[in-house]
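Quick note: the sequence shown, position 122, residue 133 per our numbering, numbers continuous.
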Amino acid sequence: MTNKICDLLKIKYPIIQAGMVWVSGGKLAAAASNSGALGLIGAGSMKPELLKEHIIKAQGLTEKPIGINVPLLYHGVEDQIKTALDLGIRIFFTSAGSPKKFTKFLKDEGCIVVHVTSSPLLAKKCEDAGVDAIVAEGFEAGGHNGRDEITTMALIPQVRDAVSIPVIAAGGIADGRQMAAALCLGADAVQIGTRFAVTKESSAHDNFQQAIIKAGFGDTKLMMKEVVPVRLLKNKFYDEVQELENRCASKEELIALLGKGRAKAGMLDGDLEKGELEIGQVSAMIQKSLTCQELVDQLIKQYDQTKSLLASLNLAK
Ligand SMILES: Cc1cc2nc3c(=O)[nH]c(=O)nc-3n(C[C@H](O)[C@H](O)[C@H](O)COP(=O)(O)O)c2cc1C
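Encoded structure:
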């Protein structure tokens, strides 16, 4: 398979393993890249020293390209970027901030820059800022999310029509049928988070992975729109957030509940009560943890089956 994103990122399949705080370290990124996708290290939860360890680990495990995801809302972004550049990383997926902030700098350093957005208007701003491609992320996605509640199905054609650079669809994609659908909507590739979180190489704690496997239909919800919208698995922490939101608590109260370390406690340390468990709607489809290679093989097989199904429909006849 070849297309604009495969050519740009030098990957076999148009699949990006999403950058995920506490979940996508060097081991996952290397395994995803070795499987024919692009692996991304989620730098958002890492101080520069830790990021350095993960990059070196990944580089020792693969000769394929890897990238890093840098959410621009945290402190110390400059140091993360410098650390990655010094170690030879030339693929940056930036998110949660203005694409104007680092794109020119990174392009001048010879990097490929992709920015994550959830609206056609912002996608155009990304294109104007000079990014190479856009991740358009729908409301189904796990983790931090747009406020507008636009689903991937509605978002991708609008972003496709708004820009001429490649578009990577994210949110609600866990199997090859959904991948084929995203490409039919006009995307050039898919970015997958939740499904890669439940893999043998992910850093998601086993308790968290088991909770995702157990999750059923409707077990996630987009919360904390007042602070920073995030899709969560329903648990005790979620109940506490819900209780505050039901009584229209102030932003300050929500920030105080969020406190520090909730995401790490839930996703890396496996505290299913106090922890914040960021995950997407497709968690209800996941039955077991796979290796990255098994997952990518499965995605491609289902994608090909879906393509044949579509070809056999011949609606115009
Ligand atoms: C556990 C988790 C952590 C995430 N952390 C980040 C992050 O650090 N930066 C970011 O840009 N997106 C983050 N996301 C969003 C993903 O990069 C990706 O766009 C999203 O998961 C795609 O939707 P899906 O979960 O339905 O596959 C996270 C998602 C999850 C599930």
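For each residue, glycine too, the CB sits at the ideal point set by N, CA and C.
Residue j beta carbon less than 7 Å from that of residue i
i	j	result
Ala69	Ile77	yes
Cys303	Ala43	yes
Pro177	Lys15	yes
Ala140	Pro110	yes
His126	Val142	yes
Ala180	Val209	no
Leu283	Ala222	yes
Identified DSSP bridge partners for residue i
i	result
Glu148	Ala181
Leu244	Thr231
Phe103	Ile79, Val124
Leu268	The partner list for Leu268 (beta bridge, DSSP) is empty, contrary to what the question assumes.
Gly53	Asn80
Where residue i falls: helix, strand or coil (DSSP)
i	result
Ala200	strand
Met234	strand
Gln298	coil
Glu251	helix
Val329	The displayed coordinates of the chain run from 12 to 328. Any statement about residue 329 would go beyond what the structure contains.
Ile223	helix
Glu289	strand
Thr210	strand
Arg188	helix
Ala42	helix
Phe116	helix
Gly277	helix
Glu284	coil
Per-residue burial, residue i [other beta carbons within 10 Å of its own, 16 or more giving buried]
i	result
His86	exposed
Glu287	buried
Gly55	buried
Leu244	buried
Leu133	buried
Glu263	exposed
Ser6	For the chain, the structure presents residues 12 to 328; residue 6 sits outside this window and is missing.
Ala327	exposed
Asp186	buried
N-terminal and C-terminal residue of the beta strand (DSSP E) that residue i is part of
i	result
Val170	First-last for Val170: 163-173, but that is the alpha helix (DSSP H), not the beta strand (DSSP E).
Gln28	26-28
Host alpha helix (DSSP H) of residue i (start-end)
i	result
Ile311	303-324
Arg158	Per DSSP, Arg158 belongs to no alpha helix (DSSP H) and is neither H nor E.
Gly71	59-72
Asp18	15-20
Pro131	131-140
Leu96	88-97
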